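Colleague: Residue numbers (numbering that gives the first Met the number 0): 0 to 285. Every residue gets a Cβ at the ideal spot worked out from N, C-alpha and C, and that includes glycine. These numbers were taken from a predicted model, which means no experiment stands behind them.
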Amino acid sequence: MRAYLPEYELKTPANLAEALRLFSDEPGVWRPFAGGTDLMVLLEAGKLTHTRFVSLWGLPELTGIESHDDQIIIGALTTYSQMQAHAALRAEFPLLCEAASWTGAVAIQNRGTLGGNIANASPAADSLPALLVYDAELELISANGSRVVPYNGFHTGYKTSVLRPDEVIKTIRLPRTTAGWRQHSRKVGTRKAQAISKVCLATIAHSENGVVQAIRLAFGSVAPTPLRATATEAVLKGQPINAVTIAAGRAALLNELKPIDDVRSTAEYRAQVAANLLVEFLEMLA
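1. Checking 9 Å against the spacing of the C-beta atoms, do T102 and L76 come in under that value?
2. In this structure, how does DSSP classify R146 when only helix, strand and coil are distinguished?
3. Measure from the alpha carbon of P149 to the alpha carbon of each residue in R263, E166, L131, A123, then state which is nearest.
4. Would T176 and L137 qualify as a contact pair, given that the criterion is a beta-carbon distance under 9 Å?
5. Can you tell me whether L42 is helix, strand or coil according to DSSP?
6. Of the choices A120, P93, E232, D134, whose alpha-carbon is the least far from that of S160?
7. Less than 8 Å between the CB atoms is what I'm expecting for S220 and S196, so what's the real figure, rounded?
8. Excluding the five sequence neighbours on either side, which residues of its own chain have a C-beta within less than 6 Å of the C-beta of T62, listed in chain order?
9. Can you tell me the Cα-Cα spacing of E17 and P164, whole angstroms?
10. Compute the distance between the beta-carbons of R89 and Q81, then report whether it is under 9 Å.
11. With a CB to CB cut of under 7 Å and the five nearest residues on each side skipped, what residues in its chain are close to R269?
12. Quick check: A118 and I168, are their CB atoms within less than 9 Å of each other?
13. Count the other C-beta atoms from every protein chain shown that fall within 10 angstroms of the C-beta of G27, then say buried if there are 16 or more, exposed otherwise.
14. Tell me whether R1 sits in a helix, a strand or coil according to DSSP, three-state version.
15. Helix, strand or coil: how does DSSP classify P26 here?
16. Between A135 and the rest of its own chain, which residues show a CB-CB distance below 7 Å, the 5 nearest in sequence each way excluded?
17. Could you check how far apart the C-beta atoms of E255 and T231 are, in whole angstroms? I think they sit under 8 Å.
18. For Q182, which beta-bridge partners are listed by DSSP?
19. Rounded to whole angstroms, what's the CA-CA distance from N208 to A242? Just pull it up for me.
20. Does the beta-carbon of T265 have 16 or more other beta-carbons within 10 angstroms, so that it is buried, or is it exposed?
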């Protein structure tokens, strides 16, 4: 059943300050509307329960990609298509650009935004594991000021986060600290394209002389939030890449994952596929 449009209200502020005032004056009453690719699906299905929104689309304070010596700063309204077209992102943060290419069809990539994907807080979102392995930071802004928080820890549970009702995501910051690291990602879904992931992996690692010097592992669709597998990372760090280490890493990951059964897959399938993807990457690293 479709939603009844007259029940909804969408305000279009002239600038970011005006939008932030709305969120501050009536916290929780007004909610941000970025690209709208997730919200419009709920609207079409008659499942969009909140009715009052503030459009952030086109606000210049939330757009653009800046390259600095130590980091790349991505405006929250940057679309998946814009990320894929940015040379520095493609060269240094290819997992994020690859995840952007996985997200829906071209029409969705032209409209969907990175900030909206983060705020929507789905554990199946394609771009979020990449942000975890890149140690991204988020700049959150309200009428009272801004704060920077690590992305790892931003999500507090299924579809929940530390974002306050009067805040929006302004920028995503990627530190330029992983030059020369091996990077790899995989998405497993019902189809090769335009499918919600059953399991998604993003990982980067640095090895020397066959020994894991550093490794970061992140998964989607295997826990209530996008998961940085820190316990498994600790088992692998400092170890030679051999059959014993790979087996230990696989066992640690199976213990760390918390998948569920749902309409797309089973918990057992998700756990086994995630473990197989880890083994695949470690064998590549060797």
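Modeller: On the basis of the supplied data:
1. Stepping through the sequence shown from its first residue, residue 102 is reached at position 103. Stepping through the sequence shown from its first residue, residue 76 is reached at position 77. No; because the gap between Cβ atoms is not below 9 Å, this pair is not in contact.
2. Position 147 of the sequence shown, counted from the start, is the residue given in the question as residue 146. In the structure shown, R146 sits in a strand (DSSP, three-state: E or B).
3. If you number the sequence shown from 1, residue 149 lands on position 150. Comparing Cα positions, the closest option is L131.
4. Residue 176 sits at position 177 when you count from the first residue of the sequence shown. Residue 137 sits at position 138 when you count from the first residue of the sequence shown. The answer is no: Cβ separation not under 9 Å.
5. Numbered from its first residue, the sequence shown carries residue 42 at position 43. The answer is helix: DSSP assigns L42 an H, G or I state.
6. Taking the first residue of the sequence shown as position 1, residue 160 is located at position 161. Cα-wise, what sits closest to S160 is A120.
7. Walking along the sequence shown from the start, residue 220 turns up at place 221. Walking along the sequence shown from the start, residue 196 turns up at place 197. About 5 Å separates the two Cβ atoms, so the contact holds.
8. The residue given as residue 62 occupies position 63 in the sequence shown. Closer than 6 Å at Cβ, skipping near neighbours: G74, L76.
9. By 1-based counting over the sequence shown, the position of residue 17 is 18. By 1-based counting over the sequence shown, the position of residue 164 is 165. Straight-line Cα distance between these residues: approximately 15 Å.
10. Within the sequence shown, residue 89 is the residue found at index 90, counting from 1. Within the sequence shown, residue 81 is the residue found at index 82, counting from 1. Not in contact: R89 and Q81 (Cβ atoms no closer than 9 Å).
11. Looking up residue 269 in the sequence shown gives position 270. Taken in chain order, the residues that qualify are K197, V198, S220, V221, P258.
12. Within the sequence shown, numbered from 1, the residue matching residue 118 stands at position 119. Within the sequence shown, numbered from 1, the residue matching residue 168 stands at position 169. Yes, Cβ-Cβ distance for A118 and I168 is below 9 Å.
13. Here residue 27 refers to the residue found at position 28 when the sequence shown is read from its first residue. Exposed, because fewer than 16 other Cβ atoms sit within 10 Å of the Cβ of G27.
14. Here residue 1 refers to the residue found at position 2 when the sequence shown is read from its first residue. Note: R1 maps to coil in three-state DSSP.
15. Start at 1 with the first residue of the sequence shown, and residue 26 comes out as number 27. Here P26 carries a strand assignment [DSSP, helix/strand/coil].
16. Taking the first residue of the sequence shown as position 1, residue 135 is located at position 136. So the qualifying residues of the chain are Y150, I171, R172, L173.
17. Along the sequence shown, one-based indexing puts residue 255 at 256. Along the sequence shown, one-based indexing puts residue 231 at 232. Yes, E255 and T231 are in contact; Cβ-Cβ is about 6 Å, under 8 Å.
18. Along the sequence shown, read from residue 1 onward, the residue named residue 182 stands at position 183. According to DSSP, which records beta bridges pairwise, Q182 is partnered with I203.
19. Position 209 of the sequence shown, counted from the first residue, corresponds to residue 208. Position 243 of the sequence shown, counted from the first residue, corresponds to residue 242. C-alpha separation (whole angstroms): 16 Å.
20. As a working mapping, residue 265 is identified with position 266 in the sequence shown. That one is exposed.
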